[in-house]
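Report on the structure given below.
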Amino acid sequence: MIEISFELNGQKVDPKTMGGGLQKAMLTTIREALGERVGQVECEHHHRQPHILCKGPSVVELSMEVCGCCDQIIDAVETRLQ
Ligand SMILES: [Zn+2]
11 MIEISFELNG QKVDPKTMGG GLQKAMLTTI REALGERVGQ VECEHHHRQP
61 HILCKGPSVV ELSMEVCGCC DQIIDAVETR LQ
């Protein structure tokens, strides 16, 4: 499973450890949905998995940044996310 992390208002949050409530539920859902789409992606050249950072002012205004070892894997992830 690739790494998916979240940043709200400049602060890293982890749906596993954050307090309960709607935000936790929403982030958990996003993480599962992303994991289903790109969870098995691995760079065929470097055998590394990409990392997705979702950040924004709130859980309903998140934008995604894909980090990876090279452009090919970033493209592969972005294609799957479309
Ligand atoms: Zn690579």
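Once you know that position 18 of the sequence shown is 28 in this note's numbering, the rest is easy, because the numbers rise by one and skip nothing. Backbone N, C-alpha and C fix where the C-beta goes; we use that ideal spot for every residue, glycine too. Computed from a predicted structure; not experimentally measured.
Its Cα nearest to that of Ile14, the residue His61 stands out among Leu37, Gln21 and His61.
Taking 8 Å as the cut-off, one finds at least one heavy atom of ligand 1 near enough to the beta carbon of Ile83.
Boundaries of the beta strand (DSSP E) harbouring Met74: Ser73 to Cys77, taken from the DSSP string. The beta carbons of Val76 and Glu88 sit about 6 Å from each other, so the pair counts as a contact at 8 Å. For Val23, the enclosing beta strand (DSSP E) has its first and last residue at Gln21 to Val23.
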